[in-house]
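S.K.:
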Amino acid sequence: MSLPQGPCPVCDKDFKDGDDIVICPSCGAPYHRACYQQVGQCVFTARHASGFEYKSPKAPPSPEAETPSGTGYDTAAANDDTVKGTLCPQCGTINDASNIFCTRCGTPLHTAASPPPGGFGGQMFGGTGGAYVPPLDLSGEIDGIAKKDWAQFIGSSAPVYLPRMAQMQARKGKVSLMLSVFFVSPCYFAYRKMWGWAALALACLLVLQAPTMLLLLAEGGLTVLPLSLEALNNLSVAASYVQLAMQLVFALFALFLYQKHGGKKIRQLRQNHPEEEVYQASLAKKGGVSIIGVVVVIAIIIAASYIFSALFLDELMVALSATLGY
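Just so you know, the sequence shown maps onto residues 3 to 328 in the working numbering.
1. Out of 44, 249, 287, point me to the one whose CA is closest to residue 25's CA.
2. Residue 330: buried (16+ other C-beta within 10 angstroms of its C-beta) or exposed?
3. Measure the C-alpha to C-alpha separation of residue 273 and residue 283 and round it to an integer number of angstroms.
4. Which complete alpha helix (DSSP H) runs does the region 159-213 hold, if anything under 4 residues is left out?
5. Starting from residue 56, trace the beta strand (DSSP E) in both directions and tell me its first and last residue.
6. Kindly indicate the opening and closing residues of the beta strand (DSSP E) around residue 24.
7. Where DSSP assigns a beta bridge to residue 329, which residues make up the other side?
8. Quick check: the Cα distance between residue 12 and residue 27, rounded to an integer number of angstroms?
9. In angstroms, rounded to a whole number, what distance separates the CA positions of residue 41 and residue 48?
10. Could you check which residue in 275, 142, 252 has the C-alpha nearest to that of residue 2?
11. Going by beta carbon distance, what residues of the same chain come within less than 7 Å of residue 271, once the five residues before and after it are set aside?
12. Return the bridge partner residues of residue 16 from the DSSP annotation.
13. My understanding is that residue 249 touches residue 187, with C-beta atoms under 8 Å, so please give their C-beta distance in whole angstroms.
14. State the start and end residues of the unbroken beta strand (DSSP E) segment that holds residue 34.
15. Quick one: what's got a C-beta closer than 8 Å to residue 197's C-beta in the same chain, skipping five residues either side?
16. For a quick check, are the C-beta atoms of residue 255 and residue 177 less than 9 Å apart?
17. On a CA-only basis, which of 29, 261, 313, 163 is nearest residue 51? Give me that one, please.
18. Between the alpha carbons of residue 182 and residue 208, how many angstroms are there, rounded?
19. Determine the DSSP secondary structure at residue 29, reduced to helix, strand or coil.
20. If you measure between the beta carbons of residue 304 and residue 204, is that distance less than 9 Å?
21. Considering only the beta carbon of each residue, do residue 201 and residue 241 sit closer than 9 Å?
22. With a 10 Å radius around its C-beta and 16 neighbouring C-beta atoms as the bar for buried, classify residue 22 as buried or exposed.
23. Mapping the DSSP letters down to three states, classify residue 83 as helix, strand or coil.
24. Helix, strand or coil: which one does DSSP assign to residue 44?
25. What's the gap between the Cα of residue 97 and the Cα of residue 267?
26. Report the rounded CA-to-CA distance for residue 162 versus residue 233, giving the unit in angstroms.
27. State buried or exposed for residue 156, treating a residue as buried only when at least 16 other CB atoms are found within 10 Å of its CB.
28. Rounded to whole angstroms, what is the Cα-Cα separation between residue 231 and residue 185?
Listed below in structure tokens is the structure:
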């Protein structure tokens, strides 16, 4: 992330690495946070209504741009010439372009949102957008990992996951009910890139569905196993209860399993990528979700049902013909 060119309009000092910098979302003027809080508002506030956009006096002059009212500032977009990164609409902090949430206040950076009254600690800088998205508290740690790193790894669902993970940590528990996992546990694990758990949940689902499929074949007149209809029915009912119990266990412990999975991944990424920008980018890449994973799981379930039916299709047709007297 590059530093803004030129001096702070309040103290007239150049910006340097480590400075706490905020940007006016209306005109793009950069400030030291303490300087902004000292004056209480953007020094160019009176000119915002006219569409003024800040241009550093130290930036290279643009031949086609004219300076408004002889001020020495042209109307070139500030983000093109002074700031590289993503501007937080809530507090004005410049974040790395790969960040999903503001590292200072936790506001989602890629969701249209308008800041509430309060701006940078008392004044409103303005701004436009849709419904306000409450900022996420990124202070503190979960499982020894900074919340801001968790937020980057989890992605857009961090406002849902982080509070629940923090509550689970506070009570030193492992249980947190997730209803969506109860109904589609293999798809959930694949969606969250937990491939081992997705494979286990999928295998259990297919195995526990087998007795029901065998029962349907037996009722059609095809005996695959040397078991009576009553025995197959009992086996199917027992498998259904086991499947319900398995789904409940997954639903109760999915968040804990995801936290362990994510914690391991994040620590590996931190060890492999000491550079902060590369580390943050790798969090977003290795974390997040996988739509393709969900599609693959659904495809496997459909394919398994088709293969199972195809294996016994001829025998089933013969049994049905004999039963019907053809």
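Glycine included, each C-beta is placed from N, C-alpha and C at the ideal position.
M.R.: The structure says:
1. 44
2. Because the chain in this structure spans residues 3 to 328, residue 330 falls outside the shown range and cannot be described.
3. 14 Å
4. 160-172, 181-185, 187-193
5. Unbroken run through residue 56: none, as it is neither H nor E.
6. 23-25
7. Only positions 3 to 328 of the chain appear in this structure, which leaves residue 329 out of reach.
8. 17 Å
9. 14 Å
10. The structure shown has nothing for residue 2, since the chain only spans 3 to 328.
11. 281, 284, 285, 288
12. 9
13. 6 Å
14. 32-34
15. 191, 295
16. yes
17. 29
18. 19 Å
19. coil
20. no
21. no
22. exposed
23. Note that residue 83 has pLDDT 40, beneath the 50 cutoff, so the model's placement of it is unreliable and the number below is only indicative. The answer is helix: DSSP assigns residue 83 an H, G or I state.
24. coil
25. 23 Å
26. 45 Å
27. buried
28. 28 Å
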